[in-house]
Amino acid sequence: MIQFDGAAVQAEHPATRQILAPLDLFLGEKRISIIGANGSGKSTLLKLINSLVLPTSGRVSVNGLDTARRGSAVRRSVGFMFTDPLSQLVMPTGREDVELSLRRRHRHRGERRAAAEKVLERFGLAHLADQSVYDLSGGERQLLALAVVLACDPVVLVADEPTTLLDLRNEARVRSLFRSLDQQVIFTTHSLEFAREAERTLVVDSGRIVFDGAPADAVAAYRELSLHGAAAEGRR
Amino acid sequence: MRGHASLLGAYVERTSVLHAAPLWAKFIPVAVLSVLVLTLWSPWVTLGALGLVILAYLAGARLTVRELVRPLARMWPLILILGAFQWFNAGPLTAFIVVGNIVVCVLAALLVTLTTESQRLLDGLVLLAHPLKRFGADPERFGLTVALMLRSIPYLVGAAEDSRDAARARGLERSPRALILPVFIGAVAYAQQTGEALAARGLADPEHDDDGALPGDAPDAFRG
Amino acid sequence: MQQTNPAPHPTPAGTPARARTSWNATDLSLIAVFAAVVAASAILPAIPVGQVGVPITLQTLAIMVTGIVLGPWRAGAALSLYVAVALAGLPIFSQFRGGIGVLFGPSAGYIIAFPIAAFAVGFLARIVFRRFDRFRFLALFAACTATSLLITHPFGIVGMMINAKLDLAAAVAADVVFLPGDILKNLAAAAIGLSVVKAFPRLQSRPARRS
Chain A
1 MIQFDGAAVQ
11 AEHPATRQIL
21 APLDLFLGEK
31 RISIIGANGS
41 GKSTLLKLIN
51 SLVLPTSGRV
61 SVNGLDTARR
71 GSAVRRSVGF
81 MFTDPLSQLV
91 MPTGREDVEL
101 SLRRRHRHRG
111 ERRAAAEKVL
121 ERFGLAHLAD
131 QSVYDLSGGE
141 RQLLALAVVL
151 ACDPVVLVAD
161 EPTTLLDLRN
171 EARVRSLFRS
181 LDQQVIFTTH
191 SLEFAREAER
201 TLVVDSGRIV
211 FDGAPADAVA
221 AYRELSLHGA
231 AAEGRR
Chain B
1 MRGHASLLGA
11 YVERTSVLHA
21 APLWAKFIPV
31 AVLSVLVLTL
41 WSPWVTLGAL
51 GLVILAYLAG
61 ARLTVRELVR
71 PLARMWPLIL
81 ILGAFQWFNA
91 GPLTAFIVVG
101 NIVVCVLAAL
111 LVTLTTESQR
121 LLDGLVLLAH
131 PLKRFGADPE
141 RFGLTVALML
151 RSIPYLVGAA
161 EDSRDAARAR
171 GLERSPRALI
181 LPVFIGAVAY
191 AQQTGEALAA
201 RGLADPEHDD
211 DGALPGDAPD
221 AFRG
Chain C
1 MQQTNPAPHP
11 TPAGTPARAR
21 TSWNATDLSL
31 IAVFAAVVAA
41 SAILPAIPVG
51 QVGVPITLQT
61 LAIMVTGIVL
71 GPWRAGAALS
81 LYVAVALAGL
91 PIFSQFRGGI
101 GVLFGPSAGY
111 IIAFPIAAFA
121 VGFLARIVFR
131 RFDRFRFLAL
141 FAACTATSLL
151 ITHPFGIVGM
161 MINAKLDLAA
171 AVAADVVFLP
181 GDILKNLAAA
191 AIGLSVVKAF
201 PRLQSRPARR
211 S
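Here the protein sequences line up with chains A, B and C, keeping their order.
Going by UniProt numbering, the first sequence wraps up at 236, each residue one higher than the last.
Going by UniProt numbering, the second sequence wraps up at 224, each residue one higher than the last.
Going by UniProt numbering, the third sequence wraps up at 211, each residue one higher than the last.
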């Protein structure tokens, strides 16, 4: 249950540029995909949900919690997954990183260990738990990043292009994992096929939502938009 | 990553009384011993302390003579210069006390490091922050910061080596800017990335911060 | 214990209430990473610089840059964190030393001066960035050098007088050897600090973006 009330984001530096135009939006569906060109404002839109970015005007709330006033409560209920798992993972090994996630929930060291073990097993990562995250493959790292985020049982999962850096097999793996989640999931992607797996799709262009509706229609609208854009570039 | 092992390599694994002892049981005697030799200021005390420390190394921690001498090897120029200087200036007795006390203090403190895994040392450090809780200290956040720091050292050592290679490839190996600047730029970028990851996971938030304050309430000290 | 280990006081968890509560994730991360930068600069082998290739270690340079880039509070916290972790026993002082024993060695004064120097440089650098539009490089160099002369070296001298029982003249003589190198490092620190602040303009003026 995510509500945008006239939320806009203004760039700090060249004070005139608008990163995201004022937005009124209610996101209630269980699977929502967001597509759009690089730099269109997709990531900013996602970060607004997790209060990583605060609206410069208007407000965003998650389950009634204002992201500007209740930032840390919002972050506890919204998990955020970065494109590059290495931006996500903070500790040198998977086990330590999952334990870090569980820090707040389990004060006792032994309990935390046991809980971390369970999470790692659930994602099939137990055998890699003590390896350096730099030694894992891209797919393993992304799975670990997902495990780390889901370890705290967020109500909403927000994922910024979770499959962009993956090969086809690992993409399929992450996608099937996404399908199996109980949480509300909101993700951006460049894979139109992946985008179609949602119930609702937003198309973002130059900081505005230019289409909002059924995935198949959204993909068609996005195709047209991209072709137009490319043609316009060509004429110049 | 590169450098990780050597950095935390001070710990020597062994089964001994001192290895098994809790951290405070090692730390407090070391502190007491250091203060004693420095305040009593007598050659006999220094000599006794020296014997005690050697005994602790060989019998208490079951370390070898070689492991006892290794830290001294790094200190010998200092011992030599300082010893000679004090000998000429104040006589052999003072020279012995000055140099002997430094050796006692350094060896004793090092013994704690040699017999305690780094994770336990750091847990001990974080524990020290607990009594300060009522002055507003937050041991959890402190512990997280310590962990982040340790995680960053090998990364930065690797980055520094990379930038050295890159500078060499461009023929700039004698230019401090080409050697050092990328390390600092990289460090800031890395810190910001890590900060965002922590924020996204809600890990760096103070324990009870949901008092309705706006996150924009930055302290004046940080305002431009 | 309180005297031998200044650890927990000035760390992110322990500075005056207002500054601490509002340190966000990026601030903590910057403090941790710059503490690590100082540690790495202490344990990395010295690098050859200049025409003759004089090897220099970069620790004092790293401390000055930390001050310029992070400002007084975060820089002071970063250096306190570094010193606390090293005193706790991790071998991250120069020549892989660590543990409270270092406080009884002749270099104790310099080590106690680290956090204070970082704070001072940060404080002066903030003034430079606010008041100076030109001559920033020279002003930063002056800030670093003032800190070296008024904080780092006097603390170092007092440390040697206490722990190595040197008289003032001998301690000064032992300390002065480091001065020319420090002046050169301050030149480099001013240039590097300025470049880093140019690359990340929001760093100095206020905390990185709130989260």
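The C-beta atom is built at its ideal place from N, Cα and C for all residues, glycine as well.
- From the listed residues C/Leu187, C/Ile43, C/Leu179 and C/Gly193, the smallest Cα separation to B/Ile185 is found for C/Gly193.
- What A/Ser101 touches in chain B, judged by beta-carbon distance under 9 Å, is Arg201 and Leu203, going in chain order.
- Identification of chain A residues near B/Ala147 by a Cβ-Cβ cut-off of 9 Å yields Val90, Met91, Glu96 and Leu100, ordered along the chain.
- From the listed residues C/Asn24, C/Ser148 and C/Gly105, the smallest Cα separation to C/Leu61 is found for C/Ser148.
- A/Val62 is the residue among A/Leu23, A/Val62 and A/Val203 whose C-alpha sits nearest the C-alpha of A/Val155.
- Distance from the CA atom of C/Ala35 to the CA atom of C/Leu79, rounded to whole angstroms, is 6 Å.
- Sequence-ordered contacts of the segment 69-90 of chain B with chain C read Arg74, Leu78, Leu82, Phe85, Gln86, Asn89 and Ala90 [C-beta pairs closer than 8 Å].
- Using a Cβ-Cβ cut-off of 8 Å, A/Phe80 counts as an interface residue toward chain B, since at least one Cβ of chain B sits closer than that to its own.
- Counting C-beta pairs closer than 8 Å gives fewer than three between the segment 69-77 of chain A and the segment 173-190 of chain A, which falls short of the contact rule.
- Between the beta-carbon of A/Val149 and that of A/Met81 there is about 5 Å, and that keeps the pair under the 8 Å contact cut.
- DSSP lists no beta-bridge partner residue for A/Ile19.
- Around the beta-carbon of A/Arg122, fewer than 16 other beta-carbon atoms lie within 10 Å, marking it exposed.
- C-alpha of C/Ile157 to C-alpha of C/Val172: approximately 6 Å in a straight line.
- Against C/Ala84, the close residues of chain B are Leu125, in the order they occur along the chain (beta-carbon pairs closer than 7 Å).
- Per the coordinates, the alpha-carbon of B/Ser42 lies some 28 Å from the alpha-carbon of B/Leu114.
- B/Leu52 places its beta carbon 8 Å or farther from that of C/Phe104.
- DSSP, read as helix, strand or coil, puts C/Gly105 in coil.
- Under the rule that a run must span 4 or more residues, the alpha helix (DSSP H) segments found entirely inside the segment 68-129 of chain B read 92-115 and 118-129.
- Within its own chain, the residues whose Cβ lies closer than 6 Å to the Cβ of B/Val12, once the five positions on either side in sequence are excluded, are Leu114, listed in chain order.
- For B/Leu198, the nearest CB of chain A lies under 8 Å from its own CB, placing it at the interface with that chain.
- Shown here is that no member of the segment 120-145 of chain C has a Cβ falling below 7 Å from a Cβ of chain B.
- Residues of chain B with a Cβ closer than 8 Å to the Cβ of C/Pro106 are, in chain order, Leu78, Leu82 and Ile102.
- Here A/Val9 is buried, its C-beta having at least 16 other C-beta atoms within 10 Å.
- In this structure, the straight-line span from the alpha carbon of B/Leu148 to that of B/Gln86 is close to 43 Å.
- Neighbours of C/Gly99 in chain B, taken as residues whose beta carbon is under 7 Å from its own, are Ala109, Leu110, Val112 and Thr113 in chain order.
- Around B/Glu117, no beta-carbon contact reaches into chain A at under 7 Å, the shortest distance being about 14 Å.
- What C/Ala35 touches in chain B, judged by beta-carbon distance under 7 Å, is Met149, going in chain order.
- Beta bridge pairing from DSSP links A/Phe26 with A/Gln3.
- Of all residues in the segment 186-197 of chain B, only Ala187, Val188, Ala189, Tyr190, Ala191, Gln192, Gln193, Thr194, Gly195, Glu196 and Ala197 place a beta-carbon less than 9 Å from a beta-carbon of chain C.
- Under the three-state reduction of DSSP, C/Ile92 is assigned to coil, being neither helix nor strand.
- Within the same chain, Pro91, Ile92, Ser94 and Phe96 come within 8 Å of C/Ile43 by CB-CB distance, once the 5 residues on both sides are set aside.
- In this structure, B/Thr46 lies near B/Asn101, with their beta-carbon atoms less than 8 Å apart.
- Within the segment 137-167 of chain A, contact with chain B at the beta-carbon level (separation under 8 Å) is assigned to Val148, Val149 and Cys152.
- C/Ala117 is positioned such that its CB atom lies closer than 8 Å to that of C/Thr152.
- Taken through DSSP and simplified to helix, strand or coil, C/Phe178 comes out as coil.
- According to the DSSP assignment, B/Ala147 belongs to the alpha helix (DSSP H) that extends over Pro139 to Ala169.
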